[in-house]
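Residue numbers (the working numbering), protein chains in the order written: chain H, 946 to 1270; chain W, 2 to 310.
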């Protein structure tokens, strides 16, 4: 799997869902994978569907979905209902709407605040990470510059270090810089996504024909203009994939904010939910398990929705990252 | 500092792309890669260097901060708490990772076989837990594990049995393994499935002409073809196991007696620096752990790539 044109190494890009931008004729077929997908099995004849195999795989499906079902059902229960009824069925009173209202208002609307914080971290952190990755991936794919190999070696080498080895020193550094307990402490480390850089590098290599960049330059376009008007539109599908995965990483982040933030006013949802859960364990604390559960459901929904709506993008993005050897 | 980052790294390491046609060497590229490199230096390189620096000092009540050379490392190597936590995550690695990757591979092969009803529904549903934050996954499972008003308690009441408490000290590691398996089976399944999809069709036709059965196609064509994906997934899982933190840290509130502050190496370094105020020693333990992880990940990579190549 080494040839640049073998199907195995071509990043499998989704068929453009948005109207495709101008594309060099030679580049277009490479970017489409449905051909690979559909061409594969028809000569051998469609294999017979197997009930047995479906049932067996169904066990894994149940394993994956039952906990989520439990979460949805439990979110409809009052605190008493949680304790007194069977977990996988509804209890007498349907308290979902009350729970949602209480989740947002409990503790002077702390949950609302955490939700807004999370949105801030995701927009600034994941948005910034994606932007840096697109710029960097474009540079690695389309330019030859002094120190390129060194940049590469250092990024790869440093990333092999487990992130937690860096957590304590990062905290100490940031605390000397006065950044801890501010949103910056969460946003700045989120800005680096080597996975995103890698994906954009692979993607830009395939998606931007050199002739097109040459043509733009001959027309007198500046480098910046070439990037924004020629390259960026071609990079759109890869950009969405990177954005989705950095969003998940930021939205679900727990360790980094746990270390960096003391002030609950800056908590993201993950930290806030955990603090509500911990509340019950402290002496004299108010147990609010029904709010922890409803809050968990609200925390999960946006990402599940994003994954379902943007299926085409992330599945191909993962493919691009995983088949590389 | 997420697993995603490390994923990219492992993938990158094995990549050797032939250079694409390039223009003259110039500094223009720096204008685009510069911002990434600057932030990278701030959040990766500087802390790494600082970490090594910290590990060479010791902060004492009497005498303040003094240079101690490699004393901290010597202490770490003789630290029974550290080795116990490493043993725990190694056991976790040896049991949980094969189960998770095994299930993921079986589901990927089932999807790829084309013999399932409702394939797309299977693929997306099994993947969904990946979108659930570790915090929510741990809280959710933690509640379900409850013998009083969790699902385990319900089953006990309904069937009149008394299942062992999943959060008891004997079982809590297995219970954490279950949470991690739930979270990441779908993700690994998707990596395998993506790799299976790009196997050239002609190979199957050839196998069919040779009269190879399903099982033979799997062992002779499919598994060798996705070896790279298998190795990558294994490496990510090793790194993930050694870095285990979120799930035990969150379950602590529900199982205080079962999960000690030195349950995993990461929990240990965390409690050393934030509860114990031993930041120098904590940095040392983190570096030792990082080195162990890198060595094992690298060994797996070498072995995996050589096999049958």
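Cβ atoms here follow ideal geometry from the backbone N, Cα and C, with glycine treated the same way.
Note that the coordinates shown come from a computational prediction; the quantities given were computed from them, not determined experimentally.
Problem set entry | Short Cβ contact (8 angstroms threshold) for residue 152 of chain W with residue 1015 of chain H | When the beta-carbon positions are compared, residue 152 of chain W and residue 1015 of chain H come within less than 8 angstroms of each other.
Exercise. Per DSSP, what kind of secondary structure is residue 35 of chain W in: helix, strand or coil?
Worked result: Three-state DSSP puts residue 35 of chain W in a helix.
Exercise. Got a sec: is the Cβ-Cβ distance from residue 254 of chain W to anything in chain H below 8 angstroms?
Worked result: Output row for residue 254 of chain W: interface = yes.
Exercise. Checking contacts by CB at 8 angstroms: is residue 1096 of chain H closer than that to chain W?
Worked result: True, the Cβ-Cβ gap to chain W drops below 8 angstroms.
Problem set entry | Residue(s) in a DSSP beta bridge with residue 1215 of chain H | None, per the DSSP bridge assignment.
Problem set entry | Rounded C-alpha distance that separates residue 983 of chain H from residue 1164 of chain H | Summary for residue 983 of chain H: the model assigns pLDDT 43, below 50, so the residue's position carries little reliability; its value from the coordinates is reported in the next sentence. Between residue 983 of chain H and residue 1164 of chain H, the C-alpha separation is close to 40 angstroms.
Exercise. Would residue 192 of chain W be called buried (16 or more neighbouring beta carbons within 10 Å of its own) or exposed?
Worked result: Here residue 192 of chain W is buried. Its C-beta has 16 or more other C-beta atoms within 10 Å.
Exercise. When we look at the beta-carbon of residue 303 of chain W and count the other beta-carbons within 10 Å, is it buried (16 or more) or exposed?
Worked result: With fewer than 16 other Cβ atoms inside 10 Å of its own Cβ, residue 303 of chain W counts as exposed.
Problem set entry | Min CB distance residue 1133 of chain H to chain W below 8 angstroms | Residue-level contact by beta carbon holds for residue 1133 of chain H and chain W, with a gap shorter than 8 angstroms.
Exercise. Shorter than 8 angstroms from the beta carbon of residue 1179 of chain H to some beta carbon of chain W?
Worked result: Not an interface residue.
For this session: Report the neighbours of residue 1081 of chain H on chain W: residues whose CB is nearer than 7 angstroms to its CB, in chain order.
Result: Neighbours of residue 1081 of chain H on chain W, chain order: 33, 34, 37.
Exercise. Whose C-alpha, out of H:1173, H:1188, H:1112, is nearest the C-alpha of residue 48 of chain W?
Worked result: Considering only alpha carbons, the answer is H:1112.
Exercise. Looking at the unbroken beta strand (DSSP E) that takes in residue 68 of chain W, where does it start and where does it end?
Worked result: It spans 65–68 - the beta strand (DSSP E) in which residue 68 of chain W sits, taken as one unbroken run.
For this session: Report the rounded CA-to-CA distance for residue 1172 of chain H versus residue 179 of chain W, giving the unit in angstroms.
Result: Their Cα atoms are separated by approximately 46 angstroms.
Problem set entry | 7 angstroms Cβ shell around residue 1017 of chain H - same chain, five flanking residues per side excluded | Once the five neighbours on either side are set aside, the close Cβ partners of residue 1017 of chain H are 1242.
For this session: Select from H:1147, H:1233, H:1068 the residue whose C-alpha is nearest the C-alpha of residue 1193 of chain H.
Result: It is H:1068 whose Cα lies nearest to the Cα of residue 1193 of chain H.
For this session: Check the Cβ of residue 1196 of chain H against every Cβ in chain W and list those closer than 8 angstroms, keeping chain order.
Result: Simply 134.
Exercise. What is the DSSP secondary structure of residue 1024 of chain H, counted as helix, strand or coil?
Worked result: Reduced to three states, the DSSP call for residue 1024 of chain H is helix.
Problem set entry | Range of the contiguous alpha helix (DSSP H) that encloses residue 215 of chain W | It spans 215–218 - the alpha helix (DSSP H) in which residue 215 of chain W sits, taken as one unbroken run.
For this session: Just the C-alpha distance for residue 1089 of chain H and residue 999 of chain H, rounded to the nearest angstrom, thanks.
Result: The C-alpha of residue 999 of chain H is placed about 51 angstroms away from the C-alpha of residue 1089 of chain H.
For this session: Look up residue 61 of chain W in the DSSP assignment and say whether it is helix, strand or coil.
Result: Three-state DSSP puts residue 61 of chain W in a strand.
Exercise. Going by other Cβ atoms of all chains shown within 10 Å of its Cβ, with 16 needed for buried, is residue 296 of chain W buried or exposed?
Worked result: Exposed, since its Cβ has fewer than 16 Cβ neighbours within 10 Å.
For this session: Determine the direct distance from the alpha carbon of residue 1240 of chain H to that of residue 1227 of chain H, and round the result to whole angstroms.
Result: Whole-angstrom Cα-Cα distance: 20 angstroms.
For this session: Return helix, strand or coil for residue 72 of chain W, following the three-state DSSP convention.
Result: In the three-state DSSP reduction, residue 72 of chain W falls in the helix class (H, G or I).
Exercise. Of the choices W:56, W:79, W:98, W:133, whose alpha-carbon is the least far from that of residue 1214 of chain H?
Worked result: Among W:56, W:79, W:98, W:133, the Cα nearest to that of residue 1214 of chain H is on W:133.
Problem set entry | CB contact flag (residue 154 of chain W, residue 143 of chain W, <8 angstroms) | Annotated as distal: residue 154 of chain W and residue 143 of chain W, with beta-carbon spacing of 8 angstroms or more.
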